[in-house]
């Protein structure tokens, strides 16, 4: 399960459609918060937390691509760890 967290104030950067698309993906949970304590960043650009790590971009479209990349990277890391554990 991948957790995508966002600040409701960051919706002003046009991230709403992207977040709705991500919420429809299997294995992804999107969680809304009043504040994620990244107020300076939130005022400047679109961002979310993906599995607890900040992912930011200049536009909502670019953010979506980066989020999908972060999810792919996380899945690859998890698969590598599983293989390592299987070899023990």
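Residue numbers (this note's numbering): 1000 to 1087.
Ideal placement from N, C-alpha and C gives every residue a C-beta, glycine not left out.
Counted as a single uninterrupted DSSP element, the stretch harbouring residue 1007 is not any alpha helix (DSSP H), since DSSP gives it neither H nor E. Between residue 1014 and residue 1087, the alpha-carbon positions lie close to 43 Å from each other.
Burial of residue 1017 is indicated by the presence of at least 16 other C-beta atoms within 10 angstroms of its C-beta. With fewer than 16 other beta carbons inside 10 angstroms of its own, residue 1002 counts as exposed. Taking 7 Å as the cut-off, the beta carbon of residue 1007 is found closer than this to the beta carbon of residue 1031.
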